[in-house]
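Convert by adding 2 to the 1-based position in the sequence shown; the result is the number in the working numbering.
Inspection log for the structure reproduced underneath, given as structure tokens.
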Amino acid sequence: MTTQIVCKLCGQPKARAVNRPQIVGKGDAMVIVPNVPMMSCSNCGHDYFSLAVARQLDQIRAKPEACTTRKSFAVAELV
3 MTTQIVCKLC GQPKARAVNR PQIVGKGDAM VIVPNVPMMS CSNCGHDYFS
53 LAVARQLDQI RAKPEACTTR KSFAVAELV
């Protein structure tokens, strides 16, 4: 059973720890970071990170070339 905690935004005991991909940056500096640990609330939909994870994402955003490798993948758009 997954332990749920009180959401910091809505105050309901519906938040749980999950790992999801996160997009950092935009345009040519866009980076996809897989398996980012975060809390996610099933009541209000809010996702939030620990301070340590937020700092790591900020470092990636600031200097993506220092911590990334290029991979090719398909991108689909809704029409």
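All C-beta atoms in this analysis are idealised placements derived from N, C-alpha and C, irrespective of residue type, glycine included.
Fully enclosed alpha helix (DSSP H) runs of no fewer than 4 residues occupy 53-64 of the region 46-81, in order along the chain. Beta-bridge partners assigned by DSSP to Pro39: Asn21. Taking all protein chains shown into account, Ala17 has 16 or more neighbouring C-beta atoms within 10 Å of its C-beta and is therefore buried. Pro36 and Asp30 have their C-alpha atoms spaced approximately 18 Å apart.
Checking the DSSP bridge columns, you'll see Val26 partnered with Val33.
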